[in-house]
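Report on the structure given below.
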Amino acid sequence: MAADPTFRFGVLPNGMRYAIRKQAVPPGQAALRLHISAGSLNEADGQQGIAHFVEHMAFNGSTRVPEGEMVKILERLGLAFGADTNASTGFEETIYRLDLPKTDRETLETSLMLLREVAGELSFAPAAVERERGVVMSEERSGDSPALRAARAISAFQFKGQLPPRRFPIGEVEVLRSADAGALRAFYQAWYRPERTVLVAVGDFDPQQVEARIRETFSDWKAVGPAGVAPPAGKMASRSPEAKIFVDPGLPNGLVVTWLSEPELAADTLAHRRTQLERAMVLAILNRRLSDLARGGQPPFLSAGATVGESYRIQKAAGVFALSVGDGWKKALNAILEEQRRLETFGVREDEVQRVITDTRTAMTAARTGSGTRTPAGLAGSVVGSITARSVVTSPEQDLDWFEREARTLNAAGLNPTAATLFKGSGPIIFMTSTKAIEGGDAAVTAAAREALKAKVVASESRALEAWPYMSFGTPSGVAERRDVSDLDAVFLRFNNGVRLTVKPTKFKTDQIMVRVNFGDGRLGLDPARPNPLWANGATIDGGLGKLSIKDMERTLSGHIYSANLGVTDDAYVLSGGTRGEDLELQLQVLAAFLTDPGWRPEAFGRYSALSATIHDQLASTSSGVLGRDLGALLRSGDRRWVFPTQEELAATRLDDLKVAISPSLASGPIEVVIVGDITVEKAVAAVDRTFGALPARPEPTPPPPETVKVQLPQGGGPAVVRTHKGRADQAVLFTAWPTTDFPSDLKGARANRLLAEILNLRLTDELREKQGATYSPSADSSQSWLLPGYGYISTVVEIPPEKIEAVTLDIQRIAAGLASAPPTTDEMTRARKPILEGIQQSRETNGYWLGTLSGMQSDPRQVDAYRSALPTLESLSPADIQTAARKWLRPDRIWRLEVRPEAVAAKTAP
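Quick note on numbering: the sequence shown equals residues 1 to 911 in our numbering.
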């Protein structure tokens, strides 16, 4: 395979490789990635978790950068910790990521210097190791969940006798507690070496200059000591059909059926890509069959999918996973094995092959069209992904040309040998998650699988395609009013039927168009006396259209690019989709069809109802789950429109409840269409006029009735509200909030509160993470409602062991009092403000930002003022403004607290 010619590849004399590419869209941005080919599989016994611990120490001192300064240096350049500055450790790799908001000389040179420090100059000061140990332990603690425990169990089952189950990146608690600076340094020197490293740089810069700087910065890096030797991964065991049940109430009921074989270890050649293409096509056909089963009447499972891949170059696995319906594991297992054997015995049909060819060509053509406007992060990610995959980086242009050559010889007869052998291997082995014990245990599941493998199967049948019936929505009403807003590069229009349209043409992404349709009154329109049914709103889309099921709709519209999603905000329901220029009218037809003729199929609602049967047990299994379940309602004093229903209320909810909630907005609510992307105003107006503009008249948008926006924060100053979870006894979350006010009543004050929250976040991180090592990721935020008068708050969230709740509460109050008693430093202002400003500027180079920002702006001119004043106001805020905000809001008598404690530990009331 020839590599993407737009990249400049090279190797330094010390063996370090690099890949460089100029990408001027968006302007002035860049992405740097440092990839180390070492992860948890490189750890020896007694080192489990060391690779990840070393990654943490990369931010804690090096030859040229004192402990705690790396993140601060990056913040001064406009990079936000977490969003723009991050790292991750996997089984086979460790990756350091910097997303640069600017590509000036200082930013580029400083960033490359910092990555050079990470590569070969880390200090591992014993005191710094001790402080970071608590942070690593917090990450282990907060990440432990039923899902992670199930992942460990399935790994042990699938990789029987092999290394991966004993090398999860987070490590073992005993090792994390005892690892010292010497152990970390030994792993670092053994595995962080030039010959195991790739630096990727993509962005709006001169590649030749960046290459010279990379050579200057990294050529002096020399490995220290002998190279590491990875422990043996172990031989793959031959397996007969067998099963393993993993019982945990915090998990959904599910199955993974897998066939195992030796890895192919093939080079990325044209021949191998042909093999991979054939497998991908067969898998796409199987996945469509499984999806059709899941969305039919009386489905054997709620969802299912098939995958084939090689893991860590020690095993090839072909598997099918499914979520079963209640106790129906046997029905799901039978259906999985029946579809697998149907594929193996009868292969694929020609109509299925042609549909996949069409959809693949459509996707590849769209990728080629948008090739020039890919983001630096996306391009850098493609190179990083190719390293562990051991593949060649190719461009969308190369990929499409290659596919068109291969597509000439793709047909059912040629794919059926692949279908017949796709699931060949030892097994199948069946891993099953269940909320309760299964009668007969593992043996019963194994016996059921053996029996299912004997059943007869018949060939699948094709279905005739139906015509798309939603081409006309009436007579276009025409434009009644048009207003150009030059500084937004947007146009506001109103049609004669009352529908409003906002259009913003952009060139951020070639041929990308995003559409949003706001209609009705959203969450504020719900009946506060009834349980909220919107947890099942996805059934509206999954229920298809009156004239076409969702399955038939997908078949009919094969080869087109469109999507349909339904969401809800406080003041509107939102239909949304993404498309390209030639499919814009179809995209609008799809959304208009869901607005005017939703299918409301009971089987779609049934899937959501079945999924909800175990959701409360899943949420109760972790502190974060309980926080997510209860916080929205608690912050609104129990208003039922924000309350997540009880298990009994979920079970009692019917499809009619969802219809009653949404149908009035569908039928007669005001409609606002927002279109952003690579489109002209004229084309957008014409397409909307023929769809939404042709509907019966809709009312003008009006402010919500006063009684619907009377929402209050809970009274602060009293004892903490306590909730409990059923997870680990050392998991807890502390949430605090100080009431503020709404956004539009004081725009400058709202921006001051945002900056105040960011400075609060800096101080929390410095105290609780860097100094105490008490938590992995403390955070602070400011939330101020645009709709609810007087409603807003500044909040903090900290994951900590329950025994530290009282002390951390006092720390938070002390930090808040410090912000009120003295203005922040100039450095804090810079480190807080600059990432916010750079983040806003970067966001304004994306279609998604404008889709949300322009929504509602036409009917509420205050939003235009808010947009225009955002950057100037943030830039004008002084330290005194922040102190004034802290004095006004961060008062100790107003703080409201929520503690999520483990059931296993007696609840305590905070001081």
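From the three backbone atoms N, C-alpha and C, an ideal C-beta is built for every residue, glycine too.
C-beta contact flag for Gly773 and Val135 at 7 Å: Yes. Within cutoff.
Rounded straight-line distance, which links the Cα of Asp597 to that of Gly520: 16 Å
Close Cβ partners of Asn183 (< 8 Å) along its chain, the five nearest in sequence each way excluded: According to the sequence displayed, residue 183 carries Ala and not Asn. Setting aside the 5 residues that flank it on each side, Ala183 is surrounded in the same chain by Gln47 and Ile50, each with a C-beta closer than 8 Å to its C-beta; the list follows chain order.
Residue ranges of each alpha helix (DSSP H) within the stretch 428-507, 4 or longer: 441-452
Residue of Thr365, Glu828, Leu877 and Asp206 minimising C-alpha distance to Gln398: Thr365
Sequence-distant residues of the same chain with beta carbon closer than 6 Å to Ile541, five excluded per side: Ala564 and Leu566
C-alpha gap between Asp766 and Gln208, whole angstroms: 39 Å
Test item: CB-CB of Val568 and Leu545 under 7 Å: Val568 places its beta carbon 7 Å or farther from that of Leu545.
Reference Met1, options Ala284, Trp402, Ile662 and Ile812, closest by Cα: Trp402
CB of Glu55 within 7 Å of CB of Gly61, strictly: no
Buried or exposed by the 16-neighbour rule on C-beta atoms within 10 Å, applied to Asp351: exposed
C-beta atoms of Ala904 and Ala737 nearer than 7 Å: no
Rounded C-alpha distance that separates Asp689 from Val808: 57 Å
DSSP three-state assignment for Tyr849, whether helix, strand or coil: helix
DSSP three-state assignment for Val660, whether helix, strand or coil: helix
Alpha carbon of Ile561 to alpha carbon of Pro505, nearest angstrom: Going by the C-alpha atoms only, they are around 19 Å apart.
8 Å contact criterion, which Ala592 and Thr691 should meet: CB distance rounded: With a contact defined as Cβ atoms closer than 8 Å, Ala592 and Thr691 qualify at about 4 Å.
DSSP-derived helix/strand/coil call for Leu12: coil
Unbroken stretches of the beta strand (DSSP E), 3 residues or longer, contained in the stretch 733-808: 779-784 and 792-800
Residues sharing a beta bridge with Glu310, DSSP: Lys316
Where Ala720 sits in the DSSP three-state scheme: coil
Identity of the residues DSSP links to Asn518 by a beta bridge: By DSSP's assignment, Asn518 forms a beta bridge with Val574 and Glu672.
Backbone secondary structure at Arg374 - three-state DSSP: DSSP places Arg374 in coil when its eight states are reduced to three.
Of the residues Ile812, Leu871 and Ala651, the one placed nearest Ile840, counting alpha carbons only: Measuring from the Cα of Ile840, the nearest candidate turns out to be Leu871.
Residue of Glu875, Gly577 and Gly228 minimising C-alpha distance to Arg754: Glu875
Three-state class that DSSP yields for His272 in the structure shown: Collapsing the DSSP output to three states places His272 in a helix.
Neighbourhood of Asp811 by C-beta, 7 Å cutoff - its chain only, sequence neighbours within 5 removed: Glu767 and Leu768
Integer-rounded CB distance, given that Arg897 should sit under 8 Å from Val721: 7 Å
Beta strand (DSSP E) segment containing Thr94, residue limits: Thr94 to Leu100
Separation of Leu115 from Pro194, as counted between CA atoms: 12 Å
Val325 versus Ala304, Gln315 and Ala317, residue with shortest Cα-Cα distance: Ala304
Opening and closing residue of the beta strand (DSSP E) in which Glu242 lies: Glu242 to Val247
Inter-residue spacing [alpha-carbon to alpha-carbon] between Leu635 and Gly309: 45 Å
Spatial distance of Pro641 from Leu526 (CA atoms): In the sequence on display, residue 641 carries Arg and not Pro. Roughly 6 Å between the two C-alpha positions.
Assigned secondary structure, Gly347 (DSSP; H/G/I helix, E/B strand, else coil): coil
Alpha-carbon spacing of Ala243 relative to Thr614, whole angstroms: In a straight line, the C-alpha of Ala243 is about 23 Å away from that of Thr614.
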